[in-house]
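In our numbering, the protein residues as written are 69 to 481.
Each residue gets a CB set at the ideal place from its N, CA and C atoms; glycine is no exception.
Predicted model, so just to flag it, every value in this text is computed and none were measured.
To keep things clear, I will list the structure first and then write my remarks on it.
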RNA sequence: GGAGAGGUGGCUGAGUGGUCGAAAGUAGCGGUUUGCUAAACCGUCGUAGGUUUAAAAGCCUACCGGGGGUUCGAAUCCCCCCCUCUCCGCCA
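Next up, the structure:
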């Protein structure tokens, strides 16, 4: 949610931003609605003031009662209009995208993202590299067939040493983030619509969530929803910021409309697992905190030994709530391509306005916090491990940092 | 699932249908006193929106879990919902 005062004082700014982001909300119409709302509000408030004044008189002047009774007829009618106008303004406002950082590249999809750097040497094999699906089948550690049998296509099992490898990586990543100042949470895996709205998933990605029948609840698409929602309606102590939170949860997404995209293997699935990084900070700190999250992501991949590149995500590839976003794309020898493994977004005050998360300094300085939402690791990183550490016979060598946790060095067919 | 209790400002906790945005205490902030700390004393101290202004003060409106109702007037009366706590049952 953007600050509506910007719309009132500088509508051109909002209009340009909406145009650049391909938002089809009619800004002029919204602005007119808002002006009308403000006018009605003034009328209503004046009438209320009049009513309050007359009511006080009633004690000594009973005749005033009749006047107020008449006045209330008009007032009730106007209040109804006011509610209606507010609803219309809010509905449109909810669809407005966040503003953009100056350095967000133009472009319409991920092909237009701007590469910032490549890190790590791509492995060279003297055999034909397999992709993670082929390796998963060969090693018997990824079972998509039974995932489909038991749940649905798009669900899968990690099996045996594959499950051990994945669990080791997730646990290790959580521990590393804790070492870097993050507080670890175990989070609810369902959230109410208010929380999804507040984090910007509603109304923008409504068809992505699994709703629970008969409940105002959906399975979480990411623990960002529950970790950011954690502080909804709160005023945080300025000195306590930045707050750095992490959690490991399953993430559920319907992926409606994305069939056929990156469908091989377990790249795009209905349930995956993620260690998340969330930061609440003061507005002036969000660019720095955004970089901190990126550094953490890079650190984790470097420790695991996975080659990757960092891209500055272009306008068209960024969700409406984002102000600036970095993706990290790992190198997948089996695919012969870089593919997205993590993303890291500075949401500025977009979520905090919707969720009413503020900070207050002892000197009285106050405002909405900024939030950063970034991946730590996901199953896709396990896939990257498999593809990068594969050997000619299809066996996969376990990255050194994970060996103390897996208890084995290699997964063999 | 059954029974009961309760939801008021950062926290604790008063509140008769009208002068209550709300007593008091505590925490916070500013100050005085003190050799330091502590204590004591004085002052200040809700949020949001609108309006005015160079800025502030000021003024207006709303908010005592949420929604609706009664009334000239509701924290206070009535109805519905939500949440929390306690006890019982069931249970990972």
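Contact belief for residue i with residue j at Cβ below 8 Å, rounded distance in angstroms
{"i": "residue 354", "j": "residue 414", "result": "5 Å"}
{"i": "residue 299", "j": "residue 348", "result": "6 Å"}
{"i": "residue 425", "j": "residue 270", "result": "17 Å between Cβ atoms; not a contact."}
{"i": "residue 203", "j": "residue 373", "result": "Actually they do not touch by this definition, with Cβ atoms about 17 Å apart."}
{"i": "residue 245", "j": "residue 314", "result": "5 Å"}
{"i": "residue 477", "j": "residue 465", "result": "7 Å"}
{"i": "residue 312", "j": "residue 251", "result": "7 Å"}
{"i": "residue 276", "j": "residue 324", "result": "7 Å"}
{"i": "residue 292", "j": "residue 322", "result": "About 17 Å; that fails the 8 Å criterion."}
{"i": "residue 475", "j": "residue 198", "result": "Not really, about 25 Å apart at Cβ, beyond 8 Å."}
{"i": "residue 395", "j": "residue 381", "result": "5 Å"}
{"i": "residue 297", "j": "residue 423", "result": "6 Å"}
{"i": "residue 260", "j": "residue 284", "result": "5 Å"}
{"i": "residue 230", "j": "residue 427", "result": "About 43 Å separates the two Cβ atoms, so there is no contact after all."}
{"i": "residue 387", "j": "residue 272", "result": "7 Å"}
{"i": "residue 139", "j": "residue 118", "result": "6 Å"}
{"i": "residue 437", "j": "residue 350", "result": "7 Å"}
{"i": "residue 456", "j": "residue 399", "result": "7 Å"}
Residue environment, residue i, which counts as buried when at least 16 other CB atoms sit within 10 Å
{"i": "residue 405", "result": "exposed"}
{"i": "residue 346", "result": "buried"}
{"i": "residue 208", "result": "exposed"}
{"i": "residue 184", "result": "exposed"}
{"i": "residue 218", "result": "exposed"}
{"i": "residue 320", "result": "buried"}
{"i": "residue 344", "result": "buried"}
{"i": "residue 317", "result": "buried"}
{"i": "residue 448", "result": "buried"}
{"i": "residue 481", "result": "exposed"}
{"i": "residue 153", "result": "buried"}
{"i": "residue 196", "result": "exposed"}
{"i": "residue 144", "result": "exposed"}
{"i": "residue 460", "result": "exposed"}
{"i": "residue 281", "result": "exposed"}
{"i": "residue 420", "result": "buried"}
{"i": "residue 128", "result": "exposed"}
{"i": "residue 215", "result": "buried"}
Which residues DSSP lists as bridging residue i, in chain order
{"i": "residue 221", "result": "223"}
{"i": "residue 395", "result": "379, 411"}
{"i": "residue 318", "result": "341"}
{"i": "residue 305", "result": "428"}
{"i": "residue 438", "result": "349"}
{"i": "residue 242", "result": "Note: residue 242 sits in no beta bridge, so no partner."}
{"i": "residue 482", "result": "An answer regarding residue 482 cannot be provided, because it is not within the stretch 69 to 481 covered by the chain."}
{"i": "residue 458", "result": "464"}
{"i": "residue 183", "result": "379"}
{"i": "residue 445", "result": "343"}
{"i": "residue 211", "result": "225"}
{"i": "residue 142", "result": "Bridge partners of residue 142: none, in fact."}
{"i": "residue 120", "result": "Note: residue 120 sits in no beta bridge, so no partner."}
{"i": "residue 251", "result": "313"}
{"i": "residue 405", "result": "400"}
{"i": "residue 260", "result": "285"}
{"i": "residue 279", "result": "286"}
Residue from the options whose Cα sits closest to the Cα of residue i
{"i": "residue 339", "options": "446, 90, 151, 437", "result": "446"}
{"i": "residue 112", "options": "131, 142, 87", "result": "142"}
{"i": "residue 279", "options": "264, 393, 268, 104", "result": "264"}
{"i": "residue 210", "options": "240, 286, 450, 433", "result": "450"}
{"i": "residue 200", "options": "397, 156, 384, 458", "result": "458"}
{"i": "residue 176", "options": "101, 99, 137, 88", "result": "88"}
{"i": "residue 368", "options": "230, 78, 240", "result": "240"}
{"i": "residue 101", "options": "72, 123, 383, 122", "result": "72"}
{"i": "residue 249", "options": "351, 308, 75", "result": "308"}
{"i": "residue 179", "options": "231, 385, 206, 479", "result": "385"}
{"i": "residue 452", "options": "190, 216, 206, 91", "result": "190"}
{"i": "residue 366", "options": "352, 342, 412", "result": "412"}
{"i": "residue 336", "options": "206, 98, 181, 407", "result": "407"}
{"i": "residue 75", "options": "215, 225, 90, 98", "result": "98"}
{"i": "residue 256", "options": "282, 286, 237, 274", "result": "286"}
{"i": "residue 471", "options": "235, 216, 352, 158", "result": "235"}
{"i": "residue 170", "options": "206, 85, 128", "result": "85"}
{"i": "residue 147", "options": "93, 110, 182, 121", "result": "110"}
{"i": "residue 70", "options": "128, 158, 181", "result": "158"}
{"i": "residue 83", "options": "127, 151, 167, 137", "result": "167"}
{"i": "residue 429", "options": "310, 473, 397, 364", "result": "310"}
{"i": "residue 224", "options": "454, 397, 333, 90", "result": "333"}
Inset, instruction - Pair every Cβ in the segment 352-368 with every Cβ in the segment 429-448, then say whether three or more of these pairs are closer than 8 Å. - result: yes
Legend entry - Meets three-Cβ-pair contact criterion under 8 Å: the segment 146-165 and the segment 370-381: no
Inset, instruction - Kindly confirm or deny that the segment 122-139 and the segment 104-111 touch, where touching means at least three C-beta pairs closer than 8 Å. - result: no
Inset, instruction - Indicate whether the contact test is met: 3 or more Cβ pairs, each with one atom in the segment 416-430 and one in the segment 383-403, closer than 8 Å. - result: yes
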